[in-house]
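Quick notes on the structure that follows.
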Amino acid sequence: MQYNCHVAIRFWLGVVHREHVLRGVDLGIARANRGAGDVIAQMGEADGIVYYSPKTAIEGDPLREFTAIGRIADACAYRVGDPGNEFRPWRRRADYDLDAWPTSIRPLLSVLQLTRGNPDWGFQLRRGVLEISRHDFEMIRQQMRRPSADDR
1 MQYNCHVAIR FWLGVVHREH VLRGVDLGIA RANRGAGDVI AQMGEADGIV YYSPKTAIEG
61 DPLREFTAIG RIADACAYRV GDPGNEFRPW RRRADYDLDA WPTSIRPLLS VLQLTRGNPD
121 WGFQLRRGVL EISRHDFEMI RQQMRRPSAD DR
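The sequence shown lines up with residues 1 to 152 when you count with the UniProt record's numbering.
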């Protein structure tokens, strides 16, 4: 993947249950819950994207894990579905790190700028997609790195 050195890279956190995240990884797309299409459209090529899944599915069990991480692969957002349908979600092509390992948010709560010192950190996740710092993205990426035999 080539990066455009003239555009500032931004980092995004999507909040979507694991079932939808895994479907998006399989399709090679980034997507968001209802009402977050404007943020999907703001994403730029090579921006980082990480997904946090509070639950396994819409009516699933609590999970509270980072479930996928990657980069936005193109410069165009697009909508899917029948134009006559009220629900037409926005999507972006994305390249995911297929070696990333899902990881709990718990060990990162005191480290991430998003959560550190904020007992109500979960409230801001209700927006569905939000911009995060490079620091937070890199800390999450490092935590999601699959342990190697040398790490044991």
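Glycine residues also receive a C-beta, built at the ideal position from the N, C-alpha and C atoms.
Over what stretch of residues does the beta strand (DSSP E) that includes residue i continue unbroken?
| i | result |
| --- | --- |
| Gly70 | 62-72 |
| Gly122 | Element bounds for Gly122: n/a, residue is neither H nor E. |
| Val50 | 48-55 |
| residue 157 | Residue numbering for the chain in the displayed model covers 1 to 152; residue 157 lies beyond these limits and cannot be assessed. |
| Ile132 | 129-132 |
Just to confirm before moving on: does the CB-CB distance between residue i and residue j stay below 7 Å?
| i | j | result |
| --- | --- | --- |
| Gly28 | Phe137 | no |
| Val80 | Tyr51 | no |
| Arg106 | Thr67 | no |
| Glu86 | Arg10 | no |
Let me make sure I understand the geometry here. Which of the options has the alpha-carbon closest to that of residue i?
| i | options | result |
| --- | --- | --- |
| Ala100 | Gly70, Ser53, Arg91 | Gly70 |
| Val111 | Glu59, Leu13, Gln143, Arg18 | Gln143 |
| Arg23 | Arg64, Ala46, Trp12, Ser53 | Ser53 |
| residue 199 | Ile132, Leu109, Arg116, Ser133 | With the chain covering only 1 through 152, there is no way to say anything about residue 199. |
| Ala75 | Leu125, Pro119, Gln42 | Gln42 |
In its own chain, which residues sit with a C-beta less than 8 Å from the C-beta of residue i, not counting the 5 before and 5 after it?
| i | result |
| --- | --- |
| Ile40 | Ala30, Arg31, Ala32, Ala77, Trp90, Arg91, Arg92, Val129 |
| Met1 | Note that Met1 scores 42 on pLDDT, short of 50, meaning its location in the model is unreliable and no value can be drawn from it. |
| Gly60 | His17, Arg18, Glu19 |
Can you name, in chain order, every residue of its own chain whose Cβ lies under 6 Å from the Cβ of residue i, other than the five neighbours on each side?
| i | result |
| --- | --- |
| Arg146 | Asp99, Trp101 |
| Val25 | Ala68, Tyr96 |
| Ser133 | Gln113 |
| Ile140 | Val50, Phe66 |
| Leu125 | Val15 |
Once you ignore the five residues that flank residue i on each side, which residues in its own chain have a CB closer than 7 Å to its CB?
| i | result |
| --- | --- |
| Thr103 | Glu65, Phe66, Gln143, Met144 |
| Trp121 | Leu114, Thr115 |
| Arg88 | Arg79, Val80, Gly81 |
Return yes when the C-beta of residue i is under 6 Å from any heavy atom of the ligand COA, and no when it is not.
| i | result |
| --- | --- |
| Leu109 | Looking at this structure, you won't find the ligand COA or any other ligand, since it has none at all. |
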